[in-house]
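Participant: Would you mind keeping the following structure in view while I ask a few things?
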Amino acid sequence: MGKRHHLLALLAACSIALPAMSQTGTGNEGEAKTIKPLNNLEVSINAGSTGVGFDVSSYVHKMVRVRTGFDFMPKVKPTMNFLIEGGRYDNDGNWITTQFGEMANMLENFTGYETDDKVAMKGEPTFWNFKLLVDVFPFKNKNWHFTAGFYAGPSRVAKAYNKTEEMPSLLAVGIYNNLYDKILSGEPIYGDNVYLDPDIEDKFLGYGRMGVRVGDRVSDGTPYLMEPDKDGMVKADMKVNAFRPYLGFGYTGRIIKDDDRYNIGFECGAMIWGGTPDLITHDGTNLTKDIKNIMYSVGDYVDVVKKFKVFPVINLRITRKLF
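As numbered in my numbering, the sequence shown has no gaps in its residue numbers, which increase by one up to the final residue, 331.
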């Protein structure tokens with residue numbers, strides 16, 4: 009479904025609401041009652057797949073309710089582990105993996121840091137949304153409703169970054185790769201004429217570069233090693249569209265019999281966030297499109313992300329009618 013169809017659905021729902029503002033409903037005693045925005049008001053709290061949040065709502069017609077509010081995802085930080093690995097291409101273009109222990113010994117000799125063969129990264133949701141929704145109650149009992157509207161928030165909905173205690177290892181990897189690049193290009197490692205012993209240079213060239221092994225490149229099947237940035241960090245961001253149309257349905261009923269002030273309900277639907285999310289590392293690699301065979305638990309996360317072209321919304325709501 010294209011963006012044009014999403015917007016048409018939203019406009020159609022809103023077009024129902026706007027003319028209804030001047031219409032009348034029937035009260036419990038059968039008397040004519042004019043329903044206008046803000047002559048009735050409800051507040052709700054909700055929890056579910058969009059996080060936790062609140063909204064305020066008002067009926068603009070006996071069949072139409074408009075809601076607006078805010079949701080955010082609590083700060084849950086799962087840990088993901090990667091291996092540090094090294095390697096190089098041979099003369100035929102084949103990838104040769106180097107044993108980490110050999111490279112670690114050389115790293116310690118040159119940097120003084122003992123390098124761990126694993127890097128732990130923390131994932132963190134940054135998912136929050138403003139929402140504007142229109143509920144339509146087409147049935148006589150006024151419990152079931154259909155909803156159209158949108159959520160809007162930052163395009164970055166999650167991030168991952170290395171733990172602080174991984175900094176020495178990542179800084180050492182960055183120093184090693186800088187030395188490797190200079191040796192490979194024939195440059196002095198310092199100043200105008202400081203070079204390493206030829207035997208040591210041969211070891212560097214034989215070992216290859218180092219990085220965090222994530223998976224294999226889709227383009228040629230070679231390993232993708234994520235190298236630290238200039239600050240000695242490895243990072244990734246999950247991104248989707250900032251404007252996210254929504255279509256769904258829900259049910260609302262009384263908590264207490266014969267008391268309309270308190271209601272409980274649920275809603276299910278789809279937040280349309282623009283297809284498969286992008287998982288962009290700090291070096292510009294898109295893990296959902298450019299990399300395959302992603303290792304360890306991260307591979308499971310990425311596989312799940314790829315399957316959700318839209319974001320499923322399942323929320324529980326508790327509502328208090330103010331007036």
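We put the beta carbon where it would ideally sit given N, CA and C, even for glycine.
At the level of alpha carbons, what is the spacing between valine 313 and lysine 190?
Facilitator: The straight-line gap from Cα to Cα measures roughly 39 angstroms.
Participant: Could you tell me the boundaries of the beta strand (DSSP E) in which methionine 279 lies?
Facilitator: 267-279 is the span of the beta strand (DSSP E), which, as asked, contains methionine 279.
Participant: Give the range of the alpha helix (DSSP H) segment to which lysine 130 is assigned.
Facilitator: No alpha helix (DSSP H) holds lysine 130; the beta strand (DSSP E) holding it covers 126-133.
Participant: Given a cut-off of 9 angstroms on the beta-carbon distance, is the pair leucine 255 and glycine 282 in contact?
Facilitator: In this structure, glycine 282 does not lie closer than 9 angstroms to leucine 255 by Cβ.
Participant: For the beta strand (DSSP E) containing tyrosine 67, list its first residue and its last residue.
Facilitator: Per DSSP, tyrosine 67 belongs to the beta strand (DSSP E) from 59-69.
Participant: Can you check which of these residues, Ser57, Asn47, Asn48 and Asn113, is closest to phenylalanine 319 by C-alpha distance?
Facilitator: Selected option, being the one with the closest Cα: Ser57.
Participant: Taking the CB atoms as reference points, tell me whether methionine 234 and valine 222 lie closer together than 9 angstroms.
Facilitator: In contact: methionine 234 and valine 222 (Cβ atoms closer than 9 angstroms).
Participant: Taking the straight line between their C-alpha atoms, what separation do you get for asparagine 294 and aspartate 286?
Facilitator: Distance between the alpha carbons of asparagine 294 and aspartate 286 is about 6 angstroms.
Participant: Taking leucine 336 as the reference, which of Lys85, Asn99 and Ser65 has the closest Cα?
Facilitator: Nothing can be reported for residue 336, as the shown portion of the chain is limited to 9 through 331.
Participant: By Cβ distance below 7 angstroms, which residues in the same chain neighbour glycine 77 in space, the five residues on each side in sequence not counted?
Facilitator: Excluding sequence neighbours, glycine 77 sits near Gly61, Phe62, Asp63, Val64 and Lys139.
Participant: Is leucine 187 buried or exposed, if buried means 16 or more other CB atoms sit within 10 Å of its CB?
Facilitator: Answer is buried; the Cβ neighbour count reaches 16.
Participant: DSSP three-state call for methionine 218: helix, strand or coil?
Facilitator: Of the three classes helix, strand and coil, the one that applies to methionine 218 here is strand, per DSSP.
Participant: Would valine 165 pass as a contact of proline 133 if the rule is Cβ separation under 9 angstroms?
Facilitator: Going by C-beta atoms, valine 165 is nearer than 9 angstroms to proline 133.
Participant: Along the alpha helix (DSSP H) that carries glutamate 173, what are the first and last residues, could you check?
Facilitator: Unbroken run through glutamate 173: none, as it is neither H nor E.
Participant: Contact between the stretch 84-97 and the stretch 64-74 is defined here as three or more beta-carbon pairs at a separation below 8 angstroms; is this criterion met?
Facilitator: Short answer: they don't touch.
Participant: For threonine 289, which residues in the same chain have their Cβ closer than 6 angstroms to its Cβ, ignoring the five residues on either side in sequence?
Facilitator: Only Met234 and Ala244 meet the Cβ criterion.
Participant: Give every residue of the same chain whose Cβ lies closer than 8 angstroms to the Cβ of tyrosine 309, excluding the five residues on either side of it in the sequence, and list them in chain order.
Facilitator: Excluding sequence neighbours, tyrosine 309 sits near Met88 and Gly131.
Participant: Using 8 angstroms as the threshold, is the stretch 322-330 in touch with the stretch 264-274, meaning 3 or more CB pairs across them?
Facilitator: Output reads yes: the stretch 264-274 touches the stretch 322-330.
Participant: Cα separation between isoleucine 43 and phenylalanine 135?
Facilitator: If I take the Cα positions, the gap works out to 35 angstroms.
Participant: Give the straight-line distance between the Cα atoms of phenylalanine 158 and glycine 95, rounded to the nearest whole angstrom.
Facilitator: Cα to Cα, phenylalanine 158 sits roughly 47 angstroms from glycine 95.
Participant: Just tell me which of Leu178, Gly199 and Val72 has its CA closest to the CA of alanine 128.
Facilitator: If we check each option's Cα against that of alanine 128, Leu178 comes out closest.
Participant: Using the three-state DSSP reduction, which class does asparagine 186 fall into: helix, strand or coil?
Facilitator: Asparagine 186: helix per DSSP, three-state reduction.
Participant: With distance defined between alpha-carbon atoms, name the residue in Asn137, Leu330 and Met111 nearest to aspartate 210.
Facilitator: With distances taken between Cα atoms, aspartate 210 lies closest to Met111.
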